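Residue numbers (our numbering): 10 to 362. Backbone N, C-alpha and C define an ideal beta-carbon position, used for all residues, glycine too. In this text, all values refer to a predicted model and were calculated from it rather than measured experimentally. Read through the structure below, which is laid out as structure tokens, and then see the notes.
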């Protein structure tokens with residue numbers, strides 16, 4: 010019996026984690042939990058593409074899947090909540106990925122905050138434009154969220170040219186943005202609503218295409234993220250689609266609490282002073298600093314970890330195959346766990362043996 014698509018995603022992630030985190034770290038990754046630990050794990054294990062790509066997955070569903078995978082001999086539990094792929098699991102995953110590779114352009118970390126709003130705006134804009142050129146005013150909007158309705162109405166008012174020009178420009182931009190043999194544009198097109206045409210739901214689309222719903226979901230995200238790459242590479246070529254992307258959410262996002270800490274650090278406050286001002290534990294502020302180092306490439310960690318100690322931590326990290334802080338601390342005894350985490354966050358692109 011073959012793997013389901015979600016099982017292939019889960020096994021691929023578990024293979025990267027290699028038994029060093031519990032299955033709940035994987036759950037938080039897929040759900041997009043915005044904690045410092047989850048964000049750091051996503052970067053440390055190079056799993057950022059999966060961040061917040063399946064927010065509806067539940068704890069019970071993942072636990073049942075783990076039991077099924079264990080019964081099938083694909084994973085083995087090495088500690089409570091921690092599993093490793095067996096040789097059988099490795100082979101089954103390899104065969105599955107050979108037939109059904111994981112999405113190439115998926116980037117949940119970069120785009121998780123803009124995907125939903127972009128899709129809502131695009132689908133409504135396509136519907137409105139299509140009905141405008143057919144002079145149809147009696148139709149039910151595909152989106153009922155007032156914020157989206159008001160936004161698209163204002164967006165249309167800001168565009169130059171008549172309704173035919175708007176529809177033509179939107180069509181040309183969409184065709185160009187979805188042009189690539191590595192993606193499946195039809196997965197997006199069949200979801201669009203227009204004049205006397207209702208777009209399909211996810212379940213309807215997956216059934217029509219003949220894909221598992223989870224597989225369809227990931228391939229659909231892959232198409233959108235490919236579009237975002239293309240739009241942001243040359244925004245001048247896609248003025249309408251570029252306008253649909255929420256500008257305020259494009260930057261790599263800090264959690265709200267980390268953002269407040271970052272502002273105080275920029276004002277010259279020490280970590281101890283930030284903890285006192287914000288009435289938070291020292292460990293919480295340290296989590297924020299690690300998160301900042303992950304996301305803000307210009308953030309200088311020399312103030313927190315001397316350069317010579319950074320070098321020793323990096324050397325230890327490169328010599329240890331597992332990403333285990335305890336083993337690194339045994340090699341760099343004068344380093345705190347915070348210092349180790351911070352160096353790994355700053356230089357997370359090092360090659361692991």
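| Rounded C-alpha distance that separates residue 113 from residue 226 | 14 Å
| request: Report all residues from its chain with a CB closer than 6 Å to the CB of residue 61; omit the five preceding and five following residues, and keep chain order. | output: 41, 117 and 121
| said: Between the region 128-138 and the region 66-83, can you find at least three pairs of beta-carbon atoms closer than 8 Å? | reply: These segments do not touch.
| What does a CB cutoff of less than 6 Å around residue 182 pick up in its chain, not counting 5 residues either side in sequence? | 247, 249 and 250
| Cβ pair residue 345, residue 297 closer than 8 Å | no
| For residue 222 versus residue 211, is the C-beta distance shorter than 8 Å? | yes
| field | residue 28 in three-state terms, based on DSSP | value | The three-state secondary structure of residue 28, taken from DSSP, is coil.
| query | Shortest alpha-carbon distance to residue 101 belongs to which of 109, 83 and 133? | reply | 83
| Can you tell which of 203, 235 and 291 has the C-alpha that lies nearest to the C-alpha of residue 152? | For residue 152, the closest of 203, 235 and 291 by C-alpha to C-alpha distance is 203.
| query | Any idea if residue 290 is buried or exposed, counting beta-carbon neighbours within 10 angstroms, 16 or more meaning buried? | reply | By the neighbour-count rule (16 or more Cβ atoms within 10 Å), residue 290 is not buried but exposed.
| message | As a quick exercise: from 94, 194 and 217, pick the residue whose alpha carbon is nearest that of residue 26. | response | The shortest C-alpha separation from residue 26 is found at 94.
| field | Segment limits, alpha helix (DSSP H) that includes residue 53 | value | 45-53
| said: By alpha-carbon positions, which one of 59, 103, 354 and 77 ends up nearest to residue 307? | reply: 354
| query | Between residue 313 and residue 348, which are expected to be in contact by the criterion C-beta below 8 Å, what is the C-beta distance as a whole number of angstroms? | reply | Yes, they are in contact, since the Cβ atoms of residue 313 and residue 348 sit about 7 Å apart, within 8 Å.
| query | Are the beta-carbon atoms belonging to residue 192 and residue 231 less than 8 Å from one another? | reply | A contact, by the Cβ cut-off of 8 Å.
| said: Checking the sheet assignment: what are the DSSP bridge partners for residue 86? | reply: Residue 86 is bridged to 92.
| Can you tell which of 335, 300 and 343 has the C-alpha that lies nearest to the C-alpha of residue 319? | 343
| request: Run the CB neighbour count on residue 174, radius 10 Å, all protein chains shown included, and call it buried at 16 or more, exposed below. | output: Around the beta-carbon of residue 174, fewer than 16 other beta-carbon atoms lie within 10 Å, marking it exposed.
| message | Measuring only the C-alpha atoms, how far is residue 426 from residue 264? | response | As displayed, the chain neither begins before 10 nor continues past 362, which places residue 426 out of reach and without an answer.
| field | Rounded separation between residue 59 and residue 178 - CA only | value | 33 Å
| Under 8 Å between C-beta atoms of residue 271 and residue 310 | no
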